[in-house]
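Below: one structure, written as structure tokens.
There are 2 protein chains.
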Amino acid sequence: MKVVIVGGVAGGASAAARARRLSEDAEIVLIERGPDVSFANCGLPYYIGGTIAERDKLLVVKPDLLRTRLNLDVRVRSSVEAIDRHGKTVRIRDLASDREYVESYDKLILAPGASPLRPPIPGIDLPGVETLRNLQDMDRIKGLLDAGVKQAVVVGAGFIGLEMVENLVRLGVSATVVELQDQVLPPLDKELTTPLASALAAQGVSLHLGESAEGFEKSADGLIVRLKSGAELPAQLVALGIGVRPENKLAVDAGLDVGPRGGIRVNEELQTSDPDIYAVGDAIEVKDVVLGGPTQIPLAGPANRQGRIAADNIFGRASTYRGTQGTAIVGLFGLTAAMTGASEKALQRSERPYHKVYVHPGNHAGYYPGAEQMTLKLLFAPESGRILGAQGVGGAGVDKRIDVLAVAIQAGLTVFDLEEMELAYAPQFGSAKDPINMAGFVGAGLLRDDHPQIDVASLMALPPAGRPFLLDVRTSKEHAAGNIPGSVNIPLDELRSRLAELPAAQEIAAYCKVGQRGYLATRILRQRGLPAKNVSGGYTTYRHYFPEAAVD
Amino acid sequence: MKVVIVGGVAGGASAAARARRLSEDAEIVLIERGPDVSFANCGLPYYIGGTIAERDKLLVVKPDLLRTRLNLDVRVRSSVEAIDRHGKTVRIRDLASDREYVESYDKLILAPGASPLRPPIPGIDLPGVETLRNLQDMDRIKGLLDAGVKQAVVVGAGFIGLEMVENLVRLGVSATVVELQDQVLPPLDKELTTPLASALAAQGVSLHLGESAEGFEKSADGLIVRLKSGAELPAQLVALGIGVRPENKLAVDAGLDVGPRGGIRVNEELQTSDPDIYAVGDAIEVKDVVLGGPTQIPLAGPANRQGRIAADNIFGRASTYRGTQGTAIVGLFGLTAAMTGASEKALQRSERPYHKVYVHPGNHAGYYPGAEQMTLKLLFAPESGRILGAQGVGGAGVDKRIDVLAVAIQAGLTVFDLEEMELAYAPQFGSAKDPINMAGFVGAGLLRDDHPQIDVASLMALPPAGRPFLLDVRTSKEHAAGNIPGSVNIPLDELRSRLAELPAAQEIAAYCKVGQRGYLATRILRQRGLPAKNVSGGYTTYRHYFPEAAVD
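First to last, the protein sequences are chains A and B. Position in the first sequence (first residue = 1) + 305 = our numbering. Position in the second sequence (first residue = 1) + 305 = our numbering.
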């Protein structure tokens, strides 16, 4: 068996290592265009920012080790130029000598990855307008920074864009972010990202949302970034992080099927439309495990697992890839934002019915010092309660809860299962009622109709005259410090004795700080026959939607 | 509906709050023997040690708030003396006035908790021989410490015992631990607890394992603790943490069924043998979700959920308790130890077949600074691969992985599912191949026979002459720094060229530092027809079993 693997980073390196473990006799040729294999691409921004001090640490496995330990035929600085599917060969160019030669294969694995988008806007190829994919990009950016960058513009506020911003700020560079969407971190729903926008502002980062770069020009002091609005931003470094596209040229030229967004089409065994050719990693289309359809989600974990699975199938072990659910996380100035499964906007786009609830618990018992608040948004199916997606933003412990919910999605669990989850509790690690249990209680209460809720977005989308009676059940002091416009304050502990102040027939939307007192108020009112709902997540959720001074 | 609830802490307070949310009209009487309801019993050791500075923080909800907000009839310092099941009344003693009176009920919920064991050994009732269950116990212990305790003896090295030790050390008290078992933290398997024992030693704590206190005597300097071995330990404070027993007297006197270990018997609806009487919390027998039989596991999370469920059933909402899986966690001098599901010894006691594997991954990517190593032990069913239990010890991130595995157990997932888990990865939070995936790979590899393994315990239990050929595939430097006695060193990268040095027919047990190189060695050797196995978790697991200098 001779296996040729195109691409030596996450998926390709995993496939090669797995192939060798399964067969000592196989001939395994690993072709990588760059000088490095198996490097830590997720670490690049942190080397730029100095958190990772040694460049060598990013070279997780060097070519020589793959040769010695795994007996792989590793060929770096080598580019696969074409596939001859009929003859089962690839044409390889040795970039050092510029010599081309032909290599045969029994099975071919494509792991070319995805390349950063560089849209054809004027000046995009000027020095200093950079993308970050590999160590060479990183070295170039670091070189610019070492030479003295005062101002940087980051175009695109996705995961990599935000990591770049954090690291630029760490270096003392004045950073500006330009993002086409009206929010940072577009994979998440907007209201979950407002704390990130606030954190950027608090760090002095200038944020241009709903805005795009239309051109780059040289200036005396470096570059000028011209925005669609006409604004001009001076910079000595522009970092583009506006997405990636599958490196599919080889596949397309060879006539392999690709999807509408360019991802190489594979079956569950990760075979392309040619059964002797497999494809893995950021270049492929995968099944969205929640929504069912094809999608493209570039993630390191799935790429690694796909590499294993392709090798398994080649060496006779039946193995299928289940799909990707899009679990992702980013750290930003001490905040963590993470998601798994479908976002609300993805559910809306695919016209899937859903419910959503918000909770704002501490990461551990409040009586133990150092508890940090988080916001969890849970999306679930209306009847079964099956969990469709979750997002979190906050301090410590967000990663843990998103991982728990990622498993819950994988296992097909429901909000009723979240109620019963038995998680590890000691006061420095969690709560007897963990944030996960709380989310389950709130979601299950909604489905059981014990706890009818209205979400802030639906509430505020109504014309003021058409809104429910807005009842703030917090204390008068809390109410005075900021409230939803038009709300009337009756503190929870006075509610039973002040029912006469409520309208007899109008729907009531009760709210408190995070939803707990609002829940109790809802229970009290409904049992008196009043049509009350709780505003999910209370005033804290409201402030996620309206982070500035409250508006009507 | 009139509901009387006996016990106002975790399960009782939860039941009362839930009952009120379900019914504004119900009469809900909450009877608590002590002066406090709903206090943070898991925080008591941390107030003693000073981490929690304000005593008031431990009073999570005060009686007055329950009265005002939940309209509960809260009666503290009141003891329920007897139940008249026929007349559906309880006899209550007001401890302040010593007056007794009778209260009727429609439904009764017993939530009396469990009391610390105080075995009848001489001197057990001397002042200074303390247990820690409530704020009064805590105040007494704190009073002793404030008056000047130089030496303390902690009897019992379970969860609470270890938390006491940590807090005593924090206060500068010289602490000695006496534990009947031959390990600390007996709910866990011994080899997972040796890092805790080492941490205790490093903090100057003297540890007496396989030892028990046989008597306490007054001395000029406080107390003398006399051990079974004859040793005598001076102390001004003895903290007993040797377990708890259900407070079942009321139930037993009323003729309710109790189990062999004293737990009040309940059905899935948490009804006792009297359908008008429910019982919840540490006083009851629960179903062991992994082993199936009845068990008693005192935990705050389950107690809270049981309170909800009992109230749900009383107010007409069908709700069942699924059982307890024993998820528990403790922090000790920066280490975390946690478990979920069945331990190996529990599986052995119940004669259930199982496999076990060990992994020793970092909590996040090694190239990002600050990664901390952990040890995970995974127990799973031989054929299905269903996860039966997990334990972890190490630094940051142990809590997250045990929570993920707790959900996996709840959902009935297998090691094959762990392979595919898509968890949140950025270099400061995890790894592209998360510790959970690694554990899955190793477990699934064992079941698929791609990765035959031998565990350290089985290996070392063999007579030296009967052991497999012990092959250390680490570097010669690593080998020289410490190895399994009798092992021969052939570094992995030389293995393919030195096969002639291996015995032709003898079984080979390969090992490395954590199991990864040993795995590759096993694959190489088996493909050459040599009967090789990998020592699960490698030398690191070995050192968990044999933490001292290696012995034969």
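Glycine included, every Cβ here is placed at the ideal spot set by N, Cα and C. Nothing here was measured: the structure is a model prediction, and the numbers come from that model.
Use the C-beta contact count for residue i: other C-beta atoms within 10 angstroms, 16 or more gives buried, fewer gives exposed.
| i | result |
| --- | --- |
| K412 (chain B) | buried |
| R706 (chain A) | buried |
| S624 (chain A) | buried |
| S648 (chain B) | buried |
| S383 (chain B) | buried |
| A361 (chain A) | At residue 361 (chain A) the sequence reads Asp, which differs from the Ala that was named. It is exposed - the Cβ of D361 (chain A) has fewer than 16 other Cβ atoms within 10 Å. |
| G448 (chain A) | exposed |
| G675 (chain A) | exposed |
| D581 (chain B) | exposed |
| Q488 (chain A) | buried |
| D494 (chain A) | buried |
| P740 (chain B) | buried |
Classify residue i as helix, strand or coil using the three-state DSSP reduction.
| i | result |
| --- | --- |
| S534 (chain A) | coil |
| R880 (chain A) | Beyond the ends of chain A as shown, which are 306 and 857, falls residue 880 (chain A); an answer cannot be given. |
| I353 (chain A) | helix |
| F685 (chain A) | strand |
| G639 (chain B) | coil |
| D399 (chain A) | strand |
| A855 (chain B) | Reliability fails at A855 (chain B), whose pLDDT of 36 lies under 50, so the model's placement of it is uncertain and the value that follows must be treated cautiously. Here A855 (chain B) sits in coil by DSSP. |
| T846 (chain B) | helix |
| T645 (chain B) | strand |
| L542 (chain A) | strand |
| S479 (chain A) | strand |
| L364 (chain A) | strand |
| G667 (chain B) | strand |
| D378 (chain A) | strand |
| H513 (chain B) | strand |
Grab me the residues of residue i's own chain with a C-beta within less than 7 Å of its C-beta, minus the 5 sequence neighbours each way, in chain order.
| i | result |
| --- | --- |
| A615 (chain A) | A320, I414, L575, Y583, V585 |
| A737 (chain B) | Y730 |
| V703 (chain A) | T641, A643, M679, G697 |
| N876 (chain B) | Examination of residue 876 (chain B) is not possible in this model, given that chain B is present from 306 through 857 alone. |
| G717 (chain A) | R691 |
| K533 (chain B) | E516, S517, E519 |
Check the Cβ-Cβ distances between residue i and every residue of chain B, and say whether any is below 8 Å.
| i | result |
| --- | --- |
| E332 (chain A) | no |
| K362 (chain A) | yes |
| K367 (chain A) | no |
| Q696 (chain A) | no |
| Y406 (chain A) | no |
| D704 (chain A) | yes |
| L467 (chain A) | no |
| Y583 (chain A) | no |
| G313 (chain A) | no |
Establish whether the CB of residue i and some CB of chain A are separated by less than 8 Å.
| i | result |
| --- | --- |
| L677 (chain B) | Residue identity check: residue 677 (chain B) is Glu in the sequence provided, not Leu. Judged by the 8 Å Cβ criterion, E677 (chain B) is not in contact with chain A. |
| F734 (chain B) | yes |
| C817 (chain B) | no |
| P674 (chain B) | yes |
| A670 (chain B) | yes |
Leaving out five residues on either side along the sequence, give the residues of the same chain with a beta carbon under 8 Å from the beta carbon of residue i.
| i | result |
| --- | --- |
| V635 (chain B) | F464, L467, E468, L490, T641, A642, A643 |
| I759 (chain B) | P773, A814, K838, N839, V840, S841 |
In its own chain, which residues sit with a C-beta less than 6 Å from the C-beta of residue i, not counting the 5 before and 5 after it?
| i | result |
| --- | --- |
| P607 (chain A) | T629 |
| A506 (chain A) | none |
| V571 (chain B) | T577, A584, I589 |
| R423 (chain A) | I429 |
| G317 (chain B) | I310, A416 |
| E522 (chain B) | G428, I529 |
| P666 (chain B) | P740, M743 |
Any heavy atom of the ligand PLP within a distance shorter than 7 Å of the CB on residue i?
| i | result |
| --- | --- |
| G560 (chain B) | This structure does not include the ligand PLP; it has no bound ligands of any sort. |
Give the list of continuous beta strand (DSSP E) stretches no shorter than 3 residues that lie fully inside the region 674-761 of chain A. Counting only runs of 3 or more, we get 679-685, 692-699.
Please go through the region 817-841 of chain B and give each complete alpha helix (DSSP H) segment of 4 or more residues, from N-terminal end onward. Runs found: 821-832.
For a minimum of 3 consecutive residues, which ranges assigned as the beta strand (DSSP E) are wholly contained in the region 399-467 of chain B? Counting whole runs of 3 or more residues, the region 399-467 of chain B contains the beta strand (DSSP E) stretches 404-409, 412-415, 419-421, 456-460.
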